[in-house]
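Undergrad: In this text, residue positions in the sequence shown follow this note's numbering: the first is 1075, and each later residue adds one. Glycine included, every Cβ here is placed at the ideal spot set by N, Cα and C. First, the structure itself, so that you have it in front of you.
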Amino acid sequence: MMDLLLMTGGLFLAFWYFFGIKKENGFVYARFPSFAHKNAGGSLPNPLDVKRGYIWTPISVLKNLFSKNPKNIVFIDQFRFDEEYAHKSGMNGFYRKSAEKTEIYLDPLKMTQGMLLIGKMGSGKTEMGFSILSRDFYNRAIIHQVKAGDFAESFLGKNDMLFSPYDKRGYLWDIMSESEGIIKTFFENYANSVMGDKKDFFSASSQRLYNELAQKTRTKYEDESSATKWLLLIKSIKDLFAEMDSGTQKSKQDVKSTMEVILEPLEIMAFKMQNPNQKRFIIKDFFKRKNQCKLIMDNIPEHEKSLTPLFTAFTACMSQVHTSMPDSKTDFTLYFLDEYLSFVQIMDEASKKRLHTLIRSKGGILMPAIQYIPMDDKKLQQLLTSSAFAWIYFSVIEEETIKLFKDAIGETEYTYSETNESRGKGGKSTSTSTKHERTNIIFNELLNGLGDKFEHIVFIPNHKVIYKGYTPQANLKKVAEKTVPADLTEFYAIKYKNLNAPEEDIKNLTFADLFKEKPLSKLEEFKLFKKFEKAKGKEEELKNFKTENKLEQVNLEHLFQKYMQDGQILQNKMKLFTLNERVELNGKWQRVQGDPEQELQFIEKYDLFGALPAFFEFDAAEKSRLSEFA
């Protein structure tokens, strides 16, 4: 009898240990969540009795939906329990270790609906990009690289293409060999990229003039080589500029200034196209490639202002060609576009629609990586969020983006029974009541802590799935150098040579004279910019500045373009830093004033090219907020 009692007691204890649950305010906790209750196996605690809304998806459901199989072939991440939840549950260590080895795989056909990556710099977006690009499921990929050489170092193989006018290994896109429709889309987006939100007459006029010149050059000289067409295009633009210089209409001068800003990248491409060995391509050539061919758009930070318009227009044209391809459920093209907002906020509406919806049936997988969701553009917000199969949410600091994510998940309604004991004259009495509650399973502390361990939240609306995940480091081998700068000395020598200047007195030339003309270092260039800033707006001082520095024939605003304030860059930077962070940085900025070397180091460290000085100007509302905390 005693043995039976001991056995029964042992079985009860074993059952309690493995299947027992702890309830607290309607939420369920267990040592072995998957064994204890259907709601207990999520990344965070769930209510026991849910009436409406989302819960943290139990691991058993995730395994059923997203285990590796003939369709689910793309590894995304590994499942994770929240640390506090595991501790409070007294979760068994062996169980947790086994559960967190669970791998999530997606069907690439479903991924064509879009994958949105949201997170601040350094939160893990790039690491996920590395991981997904290392999987064998796509035939080709388009990558926007914003950190010098990150993707090139690991992915630039013999079958791949680096699109960069500034890298020795670079391929160049031969726009002049594209169709008329592609050329039109290119120049429309190219001009828009420079003008930003300004849709005024001058921007429209410059687009029209570029289009007319490009079409005329392409059709009139149809039988000429591509290199010749490029020369003729640049010559036509230069002739047009000369005509504008001789005119008196202010509108023509304004159109000229708009066109000059975006001309240099075209000049570099035209210059390099004269080399018969220059590697070049048209977009249809890229779509003929397979074997995981990767095209990397190399947006070097110091040339961001000139390269972003080029890559924005190129991506728009890429989508146009892609939508002309046959439908496919197996021929996948992956678009991993880091800092996607720098593109899409200034892209034409037709191209946005193609990227987010129309390329799906062609096997296009759009995977944009952004630091925040823009709230001031409802159309773009809708495109980014409503069309995505999955949101992958990394740590962010932008409050409006946090609120949008929380609102998308919404509140969870649940009930639980609460027992109350009371004592009276008649002794102890017990009463039970049913509580109806609402809660947000997503909360700020959770989201703000994701970056500590490079974890993320995955939200898949169509399956009502939400879980915490982690992408292991890809550990990729180095296959190429990050950068191999192209030598553009000859180009700039030709561009800035004053052909109308008198000939040099070569009889009095000395050996020392050979070493007088040296390229400026970054610091020397910055110091020159500081002098230009002081002289700007003062006609006589500016004239002397040009003469003293032999810059009479140089467009100074173009020369110092990367240092000068840019409205679009400023707007983006403002959203990436909190008010307190800007105040803190302003203190550091003030401390280095007067020391050009430290000023330049500061600008480079915090990537504030194009954002100064307005980045440190605080409006009345901001000053009011600061005074409240003073």
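So if DSSP puts Pro1144 in a beta bridge, which residue, or which two residues, is it bridged to?
TA: Sequence index remark: in the sequence shown, residue 1144 carries index 70 (1-based). Answer is none; Pro1144 lacks a bridge partner.
Undergrad: Return helix, strand or coil for Asn1494, following the three-state DSSP convention.
TA: What you label residue 1494 is simply residue 420 of the sequence shown in a count that begins at 1. Strand at Asn1494.
Undergrad: By the 10 Å Cβ neighbour count, where 16 or more other Cβ atoms means buried, how is Asn1351 classified, buried or exposed?
TA: The residue given as residue 1351 occupies position 277 in the sequence shown. Exposed: under 16 other Cβ atoms inside 10 Å.
Undergrad: Mapping the DSSP letters down to three states, classify Pro1559 as helix, strand or coil.
TA: As a position in the sequence shown, residue 1559 is number 485, starting the count at 1. Pro1559: strand per DSSP, three-state reduction.
Undergrad: Would Cys1367 and Arg1243 qualify as a contact pair, given that the criterion is a beta-carbon distance under 8 Å?
TA: Here residue 1367 corresponds to residue number 293 of the sequence shown, with the count starting at 1. Here residue 1243 corresponds to residue number 169 of the sequence shown, with the count starting at 1. No, they are not a contact pair.
Undergrad: Please report the straight-line C-alpha distance between Gln1645 and Leu1191, rounded to a whole angstrom.
TA: Locating residue 1645 in the sequence shown gives position 571, counting from the first residue. Locating residue 1191 in the sequence shown gives position 117, counting from the first residue. Roughly 20 Å separates the two Cα atoms.
Undergrad: Pull up the CB-CB distance for Leu1230 and Ile1357, whole angstroms please, since I reckon it's below 8 Å.
TA: As a first step, residue 1230 must be located in the sequence shown, where it is residue number 156. As a first step, residue 1357 must be located in the sequence shown, where it is residue number 283. With a Cβ gap of about 19 Å, Leu1230 and Ile1357 do not count as contacting.
Undergrad: Can you list, in chain order, the residues of its chain with a C-beta nearer than 8 Å to that of Tyr1414? Leave out the 5 residues immediately preceding and following it.
TA: Looking up residue 1414 in the sequence shown gives position 340. Same-chain partners within the cutoff: His1218, Pro1442, Ala1443, Ile1444.
Undergrad: Note down, one range per segment and in chain order, each alpha helix (DSSP H) of at least 4 residues found wholly within the stretch 1633–1700.
TA: Fully enclosed alpha helix (DSSP H) runs of 4 or longer: 1641–1650, 1653–1665, 1670–1679.
Undergrad: Return yes when the Cβ of Gly1525 is within less than 8 Å of the Cβ of Phe1565, no when it is not.
TA: The residue labelled residue 1565 in the question sits at position 491 within the sequence shown. The residue labelled residue 1525 in the question sits at position 451 within the sequence shown. Not closer than 8 Å, so no.
Undergrad: Could you name the residues of the same chain whose beta carbon sits closer than 6 Å to that of Glu1487, not counting the 5 residues immediately before and after it, in chain order?
TA: On the sequence shown, residue 1487 is found 413 positions in, with the first residue counted as 1. Cβ neighbours of Glu1487 beyond the five flanking positions: Lys1125, Arg1126, Gly1127, Arg1512.
Undergrad: Quick one: what does DSSP say Phe1106 is sitting in, helix, strand or coil?
TA: Indexing the sequence shown from 1 puts residue 1106 at position 32. Here Phe1106 sits in coil by DSSP.
Undergrad: Helix, strand or coil for Phe1517 per DSSP?
TA: One-based indexing of the sequence shown puts residue 1517 at position 443. Correct three-state label for Phe1517: coil.
Undergrad: Are the stretch 1654–1670 and the stretch 1688–1695 touching, with three or more C-beta to C-beta distances below 8 Å?
TA: Because the criterion of three Cβ pairs below 8 Å is met, the stretch 1654–1670 and the stretch 1688–1695 touch.
Undergrad: With distances taken between CB atoms, is the gap from Ala1387 to Asn1285 smaller than 8 Å?
TA: In the sequence shown, counting from the first residue as 1, residue 1387 sits at position 313. In the sequence shown, counting from the first residue as 1, residue 1285 sits at position 211. Cβ distance not < 8 Å, so Ala1387 and Asn1285 don't count as in contact.
Undergrad: For a test of the three-state rule: what should DSSP assign to Tyr1570, helix, strand or coil?
TA: Within the sequence shown, the letter at position 496 stands for residue 1570. Tyr1570: helix per DSSP, three-state reduction.
Undergrad: How should Asp1561 be labelled, buried or exposed, when 16 other C-beta atoms within 10 angstroms of its C-beta is the threshold for buried?
TA: As a working mapping, residue 1561 is identified with position 487 in the sequence shown. Label assigned to Asp1561: exposed.
Undergrad: Using DSSP with H/G/I as helix, E/B as strand and the rest coil, what is Phe1528?
TA: Taking the sequence shown and counting its residues from 1, the one referred to as residue 1528 is at position 454. Here Phe1528 sits in coil by DSSP.
Undergrad: Quick one: what does DSSP say Phe1155 is sitting in, helix, strand or coil?
TA: For the purposes of this step, residue 1155 is taken as residue 81 along the sequence shown, with counting starting at 1. Of the three classes helix, strand and coil, the one that applies to Phe1155 here is coil, per DSSP.
Undergrad: Check the C-beta distance from Leu1682 over to Lys1647 and give it rounded, since I have them as a contact under 8 Å.
TA: Position 608 of the sequence shown, counted from the first residue, corresponds to residue 1682. Position 573 of the sequence shown, counted from the first residue, corresponds to residue 1647. Confirmed, about 7 Å.
Undergrad: Okay, do the stretch 1392–1407 and the stretch 1152–1164 touch, 3+ Cβ pairs below 8 Å being the bar?
TA: Not touching, per the Cβ criterion.
Undergrad: How about Ile1308 and Ala1288: are their beta carbons less than 8 Å apart?
TA: In the sequence shown, the residue the question calls residue 1308 occupies position 234. In the sequence shown, the residue the question calls residue 1288 occupies position 214. The answer is no: Cβ separation not under 8 Å.
Undergrad: Buried or exposed for Gly1083, going by 16 or more other Cβ atoms inside 10 Å?
TA: The residue labelled residue 1083 in the question sits at position 9 within the sequence shown. Because the pLDDT at Gly1083 is just 49, under 50, the model does not fix this residue reliably, and the value given afterwards should be weighed accordingly. So Gly1083 ends up on the exposed side.
Undergrad: Quick one, which of Asp1450, Glu1378, Pro1375, Phe1360 has its alpha-carbon nearest Leu1408's?
TA: The residue given as residue 1408 occupies position 334 in the sequence shown. Nearest option by C-alpha distance: Phe1360.
Undergrad: Bridge partners for Leu1630 per DSSP, in chain order?
TA: Translated into positions along the sequence shown, residue 1630 becomes position 556. None, per the DSSP bridge assignment.
Undergrad: Just how far apart, CA to CA, sit Phe1101 and Gly1167?
TA: To locate residue 1101, count along the sequence shown from 1; it is residue 27. To locate residue 1167, count along the sequence shown from 1; it is residue 93. About 21 Å.
Undergrad: Figure out for me which residue from Lys1453, Ile1516, Thr1493 has the closest Cα to the Cα of Phe1479.
TA: Taking the sequence shown and counting its residues from 1, the one referred to as residue 1479 is at position 405. Considering only alpha carbons, the answer is Ile1516.
Undergrad: Assign Gly1231 to one of three DSSP states: helix, strand, or coil.
TA: On the sequence shown, position 157 is the one that residue 1231 refers to. Three-state result, Gly1231: coil.
Undergrad: Using the Cβ count rule (16 or more neighbours within 10 Å means buried), how would you classify Asn1522?
TA: Translated into the one-based positions of the sequence shown, residue 1522 becomes position 448. Per the 10 Å Cβ criterion, exposed.
Undergrad: For the stretch 1378–1458, which segments carrying the alpha helix (DSSP H) assignment without a break, of at least 4 residues, lie completely within its bounds, in sequence order?
TA: Taking only runs of at least 4 residues, the alpha helix (DSSP H) segments lying wholly in the stretch 1378–1458 are 1378–1396, 1415–1418, 1423–1427.
Undergrad: Let me make sure I understand the geometry here. Which of Leu1340, Asp1241, Thr1563 has the alpha-carbon closest to that of Phe1260?
TA: Here the question's residue 1260 lines up with position 186 in the sequence shown. When each option's Cα is compared against that of Phe1260, the closest is Leu1340.
Undergrad: Going by C-alpha to C-alpha distance, which of Asp1422, Asn1518, Tyr1490 sits closest to Pro1121?
TA: As a first step, residue 1121 must be located in the sequence shown, where it is residue number 47. Taking only the C-alpha atoms, the option nearest Pro1121 is Tyr1490.
Undergrad: Just checking my contact of Val1470 with Tyr1446 at CB under 8 Å: how many whole Å lie between their CB atoms?
TA: Your numbering for residue 1470 matches position 396 in the sequence shown. Your numbering for residue 1446 matches position 372 in the sequence shown. Val1470 to Tyr1446, Cβ: 6 Å. Contact.
Undergrad: Between Leu1236 and Asp1372, is the Cβ-Cβ spacing less than 8 Å?
TA: Here residue 1236 refers to the residue found at position 162 of the sequence shown. Here residue 1372 refers to the residue found at position 298 of the sequence shown. Against a cut-off of 8 Å, the Cβ pair of Asp1372 and Leu1236 comes out as a contact.
Undergrad: Would you mind reading off the limits of the alpha helix (DSSP H) that contains Arg1170?
TA: If you number the sequence shown from 1, residue 1170 lands on position 96. Element bounds for Arg1170: 1167–1173.
Undergrad: Could you pull out every residue in the same chain whose Cβ sits closer than 6 Å to the Cβ of Trp1465, ignoring the five residues on either side in sequence?
TA: Walking along the sequence shown from the start, residue 1465 turns up at place 391. Closer than 6 Å at Cβ, skipping near neighbours: Leu1190, Phe1533.
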